[in-house]
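Using mature numbering (1 follows the signal peptide of the UniProt record, and there is no 0), the letters of the sequence shown correspond one by one to residues -22 to -1, 1 to 141.
Backbone N, C-alpha and C fix where the C-beta goes; we use that ideal spot for every residue, glycine too.
Computed from a predicted model, the values in this text were never measured in an experiment.
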Amino acid sequence: MKKLYFFTMLSIMLLAVTGATAQKKTKFKVADLKGIWQLCHYVSESPDVPGALKPSNTFKVLSDDGQIVNFTIIPGADAIITGYGTYKQLTDDSYKESIEKNIHLPMLDNQDNILEFEIKDNDYLHLKYFIKNDLNGNELNTWYYETWKRVEMPAKFPEDIVR
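Written as C-alpha coordinates, this is what we have:
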(Lines of atoms letter the chains of each structure in order from A and count residues from 1; the text may use other names and numbers.)
(Lines give C-alpha, C1' and ligand atoms only; values in the text may rest on other atoms or scores of the structure.)
Protein backbone atom coordinates (compact mmCIF):
# COMPACT_ATOMS: atom_id res chain seq x y z
CA MET A 1 0.00 0.00 0.00
CA LYS A 2 2.87 2.37 0.84
CA LYS A 3 4.53 1.59 -2.51
CA LEU A 4 1.31 2.33 -4.37
CA TYR A 5 0.93 5.64 -2.50
CA PHE A 6 4.59 6.51 -3.20
CA PHE A 7 4.33 5.79 -6.94
CA THR A 8 1.00 7.62 -7.19
CA MET A 9 2.49 10.71 -5.55
CA LEU A 10 5.63 10.44 -7.70
CA SER A 11 3.49 10.26 -10.85
CA ILE A 12 1.45 13.29 -9.78
CA MET A 13 4.64 15.27 -9.08
CA LEU A 14 6.12 14.33 -12.46
CA LEU A 15 2.95 15.35 -14.26
CA ALA A 16 2.81 18.65 -12.36
CA VAL A 17 6.45 19.47 -13.14
CA THR A 18 6.08 18.47 -16.79
CA GLY A 19 2.91 20.54 -17.13
CA ALA A 20 4.53 23.57 -15.53
CA THR A 21 7.54 23.48 -17.83
CA ALA A 22 5.34 22.94 -20.89
CA GLN A 23 3.62 26.30 -20.37
CA LYS A 24 3.82 28.65 -23.32
CA LYS A 25 7.00 30.71 -23.23
CA THR A 26 7.79 33.91 -25.09
CA LYS A 27 9.28 32.75 -28.37
CA PHE A 28 10.00 36.17 -29.83
CA LYS A 29 12.56 38.87 -29.30
CA VAL A 30 11.09 41.57 -27.07
CA ALA A 31 11.30 44.89 -28.93
CA ASP A 32 12.01 48.25 -27.33
CA LEU A 33 8.59 49.69 -28.14
CA LYS A 34 8.23 51.73 -24.98
CA GLY A 35 8.83 55.45 -25.16
CA ILE A 36 7.43 58.62 -26.64
CA TRP A 37 7.07 58.55 -30.43
CA GLN A 38 6.33 61.49 -32.75
CA LEU A 39 4.35 60.88 -35.95
CA CYS A 40 6.21 61.95 -39.10
CA HIS A 41 5.11 62.55 -42.69
CA TYR A 42 7.02 62.60 -45.95
CA VAL A 43 6.88 66.09 -47.47
CA SER A 44 7.95 66.83 -51.05
CA GLU A 45 7.66 69.58 -53.62
CA SER A 46 7.73 66.96 -56.36
CA PRO A 47 5.03 64.34 -57.03
CA ASP A 48 7.74 61.86 -58.13
CA VAL A 49 9.81 61.91 -54.91
CA PRO A 50 8.62 60.96 -51.41
CA GLY A 51 10.61 63.87 -49.98
CA ALA A 52 11.94 64.46 -46.50
CA LEU A 53 10.53 63.01 -43.32
CA LYS A 54 9.09 65.86 -41.23
CA PRO A 55 7.71 65.67 -37.67
CA SER A 56 4.05 66.37 -36.94
CA ASN A 57 2.26 67.47 -33.79
CA THR A 58 0.92 63.99 -32.96
CA PHE A 59 2.55 61.71 -30.38
CA LYS A 60 2.22 58.11 -29.19
CA VAL A 61 3.26 57.13 -25.65
CA LEU A 62 3.93 53.41 -25.14
CA SER A 63 4.61 52.96 -21.43
CA ASP A 64 6.51 50.08 -19.86
CA ASP A 65 3.33 48.90 -18.06
CA GLY A 66 1.50 48.28 -21.36
CA GLN A 67 -0.51 51.50 -21.51
CA ILE A 68 -0.85 53.49 -24.73
CA VAL A 69 -1.88 57.13 -25.14
CA ASN A 70 -2.00 59.10 -28.41
CA PHE A 71 -2.20 62.88 -28.23
CA THR A 72 -1.99 65.89 -30.52
CA ILE A 73 -0.66 69.34 -29.71
CA ILE A 74 -2.78 72.07 -31.27
CA PRO A 75 -0.44 75.01 -32.03
CA GLY A 76 -1.35 78.01 -29.92
CA ALA A 77 -3.97 75.99 -28.03
CA ASP A 78 -4.31 72.97 -25.78
CA ALA A 79 -3.08 69.45 -26.36
CA ILE A 80 -5.78 66.78 -26.68
CA ILE A 81 -5.75 63.05 -26.07
CA THR A 82 -6.92 61.34 -29.26
CA GLY A 83 -6.87 57.74 -28.06
CA TYR A 84 -5.88 55.41 -25.25
CA GLY A 85 -5.81 51.77 -24.24
CA THR A 86 -3.25 49.02 -23.77
CA TYR A 87 -0.71 47.27 -25.97
CA LYS A 88 1.09 43.92 -25.97
CA GLN A 89 3.80 42.57 -28.24
CA LEU A 90 2.70 39.34 -29.96
CA THR A 91 5.62 38.35 -32.22
CA ASP A 92 9.03 39.64 -33.31
CA ASP A 93 7.30 42.14 -35.57
CA SER A 94 3.73 42.65 -34.38
CA TYR A 95 1.87 43.99 -31.40
CA LYS A 96 -1.77 44.38 -30.41
CA GLU A 97 -3.35 47.68 -29.43
CA SER A 98 -6.51 47.17 -27.36
CA ILE A 99 -8.11 50.56 -27.88
CA GLU A 100 -10.58 51.75 -25.26
CA LYS A 101 -11.34 55.10 -26.91
CA ASN A 102 -10.12 56.79 -30.10
CA ILE A 103 -11.64 60.06 -31.32
CA HIS A 104 -9.56 60.06 -34.52
CA LEU A 105 -10.52 56.51 -35.56
CA PRO A 106 -13.70 55.79 -33.53
CA MET A 107 -14.25 52.52 -35.37
CA LEU A 108 -11.37 51.19 -33.21
CA ASP A 109 -13.17 51.91 -29.91
CA ASN A 110 -13.22 48.79 -27.72
CA GLN A 111 -11.40 46.85 -30.45
CA ASP A 112 -8.13 44.97 -30.73
CA ASN A 113 -5.98 46.09 -33.63
CA ILE A 114 -2.90 44.14 -34.74
CA LEU A 115 -0.04 46.31 -35.98
CA GLU A 116 3.03 45.07 -37.82
CA PHE A 117 6.14 47.01 -36.86
CA GLU A 118 9.79 47.50 -37.68
CA ILE A 119 12.20 49.55 -35.57
CA LYS A 120 15.07 51.13 -37.52
CA ASP A 121 18.23 52.27 -35.74
CA ASN A 122 16.24 52.34 -32.46
CA ASP A 123 14.92 55.74 -33.64
CA TYR A 124 12.14 55.03 -36.15
CA LEU A 125 9.04 52.91 -35.67
CA HIS A 126 7.40 51.89 -38.94
CA LEU A 127 3.83 50.67 -38.44
CA LYS A 128 1.41 48.93 -40.77
CA TYR A 129 -2.16 48.08 -39.82
CA PHE A 130 -5.42 47.09 -41.49
CA ILE A 131 -8.86 48.63 -41.07
CA LYS A 132 -11.72 46.57 -42.47
CA ASN A 133 -14.71 48.93 -42.00
CA ASP A 134 -15.33 52.59 -41.31
CA LEU A 135 -17.52 53.85 -38.46
CA ASN A 136 -20.69 53.31 -40.51
CA GLY A 137 -19.78 49.74 -41.43
CA ASN A 138 -18.75 50.56 -44.99
CA GLU A 139 -15.93 48.36 -46.26
CA LEU A 140 -12.54 50.06 -46.33
CA ASN A 141 -10.26 47.00 -46.53
CA THR A 142 -7.30 49.36 -46.34
CA TRP A 143 -3.74 49.09 -45.04
CA TYR A 144 -2.33 52.15 -43.30
CA TYR A 145 1.37 52.94 -42.97
CA GLU A 146 2.86 55.27 -40.37
CA THR A 147 6.37 56.36 -39.44
CA TRP A 148 7.09 57.48 -35.88
CA LYS A 149 10.34 58.96 -34.55
CA ARG A 150 11.46 58.29 -30.98
CA VAL A 151 11.55 61.45 -28.85
CA GLU A 152 14.87 61.76 -27.02
CA MET A 153 16.19 64.11 -24.37
CA PRO A 154 19.05 66.29 -25.64
CA ALA A 155 22.20 66.72 -23.56
CA LYS A 156 21.21 70.29 -22.71
CA PHE A 157 18.18 72.53 -23.09
CA PRO A 158 18.09 74.22 -26.53
CA GLU A 159 18.66 77.97 -26.34
CA ASP A 160 16.24 78.86 -29.15
CA ILE A 161 13.09 77.46 -27.52
CA VAL A 162 10.45 79.92 -26.36
CA ARG A 163 8.47 78.61 -23.41
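Pairing Thr60 with Ile14, the inter-Cα distance amounts to about 15 Å.
The DSSP-derived three-state label of Pro25 is coil.
Lys79 and Asp90 have their alpha carbons spaced roughly 11 Å apart. In this structure, the alpha-carbon of Leu83 lies about 26 Å from that of Ala9. Ranked by Cα distance from Ser76, the first of Thr69, Tyr20 and Gly63 is Gly63. Between the C-alpha atoms of Leu118 and Ile92 there is a straight-line separation of about 16 Å. Taking 8 Å as the cut-off, the Cβ atoms of Phe108 and Trp126 do not count as close. Checking the DSSP bridge columns, you'll see Gly13 partnered with Leu40. Unbroken beta strand (DSSP E) runs of no fewer than 3 residues, entirely contained in the stretch 81 to 123, are found at 89 to 98 and 102 to 111, following chain order.
For Val140, there is no enclosing beta strand (DSSP E), as DSSP gives it neither H nor E. For Ile46, DSSP records a beta bridge to Leu40 and Gly63. By the beta-carbon neighbour count (other beta carbons within 10 angstroms, threshold 16), Asn114 is exposed. With contacts defined as CB atoms closer than 8 Å, Glu94 and Asp71 qualify as a contacting pair.
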